[in-house]
Amino acid sequence: MQAANSHRLTPYLFLAPAGLVLAVALLYPIGYMVYASFLDWNPSQKINEAAFVGLRNYANLLVDPAFRESLWVTIKFASVVVSLEMLLGVGLALLLDRKLRGMTLLRTLFILPMMIAPIVVGLMWRYMYHPTVGTFNRALKGLGLPPVEWLSDSNWALVSIIIADIWQWTPFIFILALAALQSLPKSAMEAARIDGATGWQQILHIKLPLMMPVLIVTCLLRLIDAFKVLEVVLVLTNGGPGLSTEILSLRIARTASEFRELGKAAAMSNYLLLFLMVLTLAMFFYSKATERRAARLRAEAEGAH
Amino acid sequence: MPEIVFEGVEKRYGAVRVLQPLDLTLADGEFTVLVGPSGCGKSTTLRILAGLETLSAGEIYFNGRPISRLDPKDRDIAMVFQDYALYPHMNIAKNMSFALRLQRRPKAEINAKVRQVASMLNIAHLLDRKPGELSGGQRQRVAMGRALVRDAGTFLFDEPLSNLDAKLRAKMRTELAEMRDRIDKNMVYVTHDQVEAMTLGDRIVVMDGGVIQQQGTPKELFEKPVNQFVAGFIGSPTMNFLKGELIEDHGRLFVAGDGYRLALGDGARQRIAATNAREVVVGIRPSSFSSRADAGSAIDLKVVVAEYLGASTVLATRCGSSDVLVELSSEELPRVGDRVSYAVKSEAIFVFDAKSGKTL
């Protein structure tokens, strides 16, 4: 009995180091942040000197116009960026899912932007957006068109960071969509051809629906990332002009470092975390439920024989 | 329902020729089975007919109209795939009606058609399930249903039963045979299983190495195989082959080899006289042996294993250094280790040229 018990515990013994690392590296900071969000805490204070204010930080944020503006900018940025990237990435994958000479090279080139450090991407685009010597305005001038205030016009600034983000992250969706396409069951596609589906109808009725599970996960990953975007915006506009490009993570960073309100910054982070967690969990439970339903019905069908 | 004619159809992948120039005529309303070992070109032939592969040379005609450049959808065909190829995201009703919906047929007509085919195949209660929720046999029926709903002129089957277990396969085979008699369409069926070919086909086309070896009714193939390959492929258990030599003795023709000497009939003698073959292979079906000594020339065998199958028993025996299978009724069983002598009628002895494999 004793021996059996210790045998049953052995796996947990081996798991313990990993669990410990996870607890220290992941759960501790999150717990720390959650606790901090209930405090009125200035960076000059030690954490145990800060006053406990309960949910006041959260309540204040809900009516803080700067936070709401920042949230709105983030939502605008994330939804535009992710929808355009999905459209372009999936479109490219559908176009390039074929045997062409030099395809391997082309695919590698396509995914290059993704591999560049975001700070570098920001710097690169800042030069290209430069009002006088930047590539874009020189090109516009060459075509006889008036220059555009890419980063200093509050209407254009958000568009400019959206363009830069699309340039960098469309390849991510492209490679995942391409992988999904290439793992689709070949015979179902052939069956569709025989059933009379044209190229467009195959895409619409067969390919896209079958890719959907992968696309949903891809979209979710991009959405999470887009909500947390920081570096490129930091380098390109630093949130300006005004608050026009101040996305949430920038607002959080400034609240912590410039406004010196650590409790409020933590509360903001938690709002973001909660929002993303709800998204992820909803997705997770939905896919679990459909899987379980399919497995149950299949078991019934096999049993009926 | 067109008459389908293959004229010099060829398929090459680079330098590899997987289909030699192939001529074949499939008559209107016929159930044709393409059968052969894997890699013989039967599936390629079917896929070229379906339009899923292009041909490298030659042409296919439907009622005299060349169709090799047409899209699959313009060929008036329906196909059942080996792995069923159902659309996993659509329910069964949607799967079956996909082609009709693409043609924008009226809803009422589509529903009626789907329901009619579904009840014929006993899958009417599954219409709102997804393919992933069905058993293998049910999926198989849905795949058939999807093809039947189309009402196409030609049905193509690519090894439709090979993913089922043995019991279910036998059942579906019977159902298919029944369906074949009810539906007056061209059917082209690819299989590697000669039992399926024999039970289903009006006509069987035996292929090997990208070449048609022989075509004919099941009876013709069984009784008059043109070469050793066809003789060995058709029939179960498979035909026994023994190396031998032709010998003339007192005006009679014998074939003799390691441990046996069999007399050939006059018909065989005349046919063989026309050739100058000496080295031959003798073919005897396991069912052609008889324990009655007066039923033909005798062959001595040593029993190695007896496989009792109920009504009949298959004996694995040895004749000289070759293995010989004998199928007998279970009433007259020898014991393992016995030496036995069975008679073979001269009509039941096939003689093949040892070099070309052709039937003599």
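Taken in order, these protein sequences are the chains called R and Y. All letters in the first sequence, in the order written, are residues 1 to 305 by the numbering used here. All letters in the second sequence, in the order written, are residues 1001 to 1360 by the numbering used here. No residue lacks a Cβ here, since even glycine has one placed at the ideal position from N, Cα and C.
So for residue i, helix, strand or coil by DSSP?
i: aspartate 1353 of chain Y; result: strand
i: serine 79 of chain R; result: helix
i: glutamate 1030 of chain Y; result: coil
i: proline 1225 of chain Y; result: coil
i: cysteine 1040 of chain Y; result: coil
i: threonine 132 of chain R; result: coil
i: phenylalanine 1081 of chain Y; result: coil
i: glutamine 1194 of chain Y; result: helix
i: methionine 124 of chain R; result: helix
i: proline 11 of chain R; result: helix
i: tyrosine 32 of chain R; result: helix
i: alanine 953 of chain Y; result: Examination of residue 953 of chain Y is not possible in this model, given that chain Y is present from 1001 through 1360 alone.
i: isoleucine 1299 of chain Y; result: strand
i: phenylalanine 38 of chain R; result: coil
i: methionine 277 of chain R; result: helix
i: phenylalanine 1157 of chain Y; result: strand
Give me the chain Y residues within the contact set of residue i, using Cβ-Cβ distance strictly less than 8 Å, ordered along the chain.
i: arginine 298 of chain R; result: Gly1132, Glu1133, Leu1134 and Ser1135
i: glutamine 202 of chain R; result: By Cβ distance, chain Y contributes nothing, its closest Cβ being about 10 Å from glutamine 202 of chain R, past 8 Å.
For chain Y, is any of its Cβ atoms less than 8 Å away from the one on residue i?
i: glycine 209 of chain R; result: In the sequence as displayed, the identity of residue 209 of chain R is proline instead of glycine. Yes, proline 209 of chain R lies at the interface with chain Y (some Cβ there is under 8 Å from its Cβ).
i: glycine 263 of chain R; result: no
i: isoleucine 216 of chain R; result: no
i: glutamate 190 of chain R; result: yes
i: alanine 301 of chain R; result: yes
i: alanine 336 of chain R; result: This structure does not reach residue 336 of chain R, given that chain R is present from 1 up to 305, and the question cannot be answered.
Find the residues of chain R that neighbour residue i, judging by a C-beta separation of less than 7 Å, and give them in chain order.
i: histidine 1089 of chain Y; result: Pro209 and Leu210
i: leucine 1102 of chain Y; result: Asp195, Gly196, Ala197 and Gln201
With the cut-off set at 8 Å, would you say residue i and residue j are in Cβ contact?
i: valine 1142 of chain Y; j: serine 1043 of chain Y; result: no
i: phenylalanine 1229 of chain Y; j: glutamine 1194 of chain Y; result: no
i: isoleucine 1077 of chain Y; j: leucine 1156 of chain Y; result: yes
i: proline 1072 of chain Y; j: isoleucine 194 of chain R; result: yes
i: leucine 1055 of chain Y; j: serine 1068 of chain Y; result: yes
i: lysine 1345 of chain Y; j: serine 1288 of chain Y; result: yes
i: glycine 1257 of chain Y; j: lysine 1243 of chain Y; result: yes
i: serine 154 of chain R; j: proline 65 of chain R; result: no
i: aspartate 1181 of chain Y; j: valine 1280 of chain Y; result: no
i: phenylalanine 174 of chain R; j: glycine 89 of chain R; result: yes
i: leucine 112 of chain R; j: valine 235 of chain R; result: no
i: valine 81 of chain R; j: isoleucine 247 of chain R; result: no
i: threonine 1217 of chain Y; j: asparagine 1186 of chain Y; result: no
i: isoleucine 1204 of chain Y; j: isoleucine 1284 of chain Y; result: no
i: leucine 262 of chain R; j: alanine 256 of chain R; result: yes
i: glycine 196 of chain R; j: leucine 1046 of chain Y; result: no
Is there a Cβ of chain R sitting closer than 8 Å to that of residue i, yes or no?
i: methionine 1172 of chain Y; result: no
i: phenylalanine 1233 of chain Y; result: no
i: phenylalanine 1098 of chain Y; result: yes
i: alanine 1118 of chain Y; result: no
i: isoleucine 1123 of chain Y; result: no
i: arginine 1105 of chain Y; result: no
i: arginine 1180 of chain Y; result: no
i: valine 1129 of chain Y; result: Going by the sequence as given, residue 1129 of chain Y is arginine instead of valine. Yes, arginine 1129 of chain Y counts as interfacial toward chain R.
If the cut is a Cβ gap below 8 Å, which residues of chain R does residue i touch?
i: leucine 1161 of chain Y; result: Going along chain R, no residue has its Cβ under 8 Å from leucine 1161 of chain Y, so there is no contact; the nearest lies around 16 Å.
i: glutamine 1138 of chain Y; result: Ala301
Identify the contact partners of residue i in chain Y, using a Cβ-Cβ distance below 9 Å as the criterion.
i: arginine 193 of chain R; result: Ala1050, Gly1051, Leu1052, Asp1071, Pro1072 and Lys1073
Of the residues the options, which one's Cα is nearest the Cα of residue i?
i: arginine 1017 of chain Y; options: Y:Val1211, Y:Ala1099, Y:Phe1352 and Y:Ile1204; result: Y:Val1211
i: tyrosine 58 of chain R; options: R:Lys207, R:Val214, R:Ala177 and R:Val34; result: R:Val34
i: aspartate 40 of chain R; options: R:Leu274, R:Arg260, R:Gln202 and R:Ser287; result: R:Arg260
i: valine 1326 of chain Y; options: Y:Gln1140, Y:Thr1317 and Y:Pro1334; result: Y:Thr1317
i: leucine 274 of chain R; options: R:Ile224, R:Ala299, R:Thr290 and R:Val214; result: R:Ile224
i: leucine 184 of chain R; options: R:Met212, R:Trp169 and R:Val159; result: R:Met212
i: serine 287 of chain R; options: R:Leu215, R:Leu230, R:Arg98 and R:Ala191; result: R:Leu215
i: alanine 78 of chain R; options: R:Glu300, R:Leu220, R:Leu94 and R:Ile47; result: R:Leu220
i: cysteine 1319 of chain Y; options: Y:Ser1330, Y:Pro1334 and Y:Ser1341; result: Y:Ser1341
i: glutamine 1215 of chain Y; options: Y:Arg1012, Y:Leu1022 and Y:Glu1003; result: Y:Leu1022
Can you pull the chain R residues whose beta carbon is under 9 Å from the beta carbon of residue i, in chain order?
i: phenylalanine 1155 of chain Y; result: Ordered by position in chain R, no residue passes the 9 Å Cβ test against phenylalanine 1155 of chain Y, which lies about 11 Å from the chain.
i: alanine 1078 of chain Y; result: Ile194 and Asp195
Note down, in chain order, every chain Y residue with its Cβ under 7 Å from the Cβ of residue i.
i: serine 187 of chain R; result: Phe1081, Asp1083 and Ala1085
i: isoleucine 206 of chain R; result: Tyr1087
Could you tell me whether any non-hydrogen atom of the ligand ZN is closer than 7 Å to the CB of residue i?
i: tryptophan 72 of chain R; result: For the structure depicted, the ligand ZN is absent and the ligand set is empty, with no information on it obtainable.
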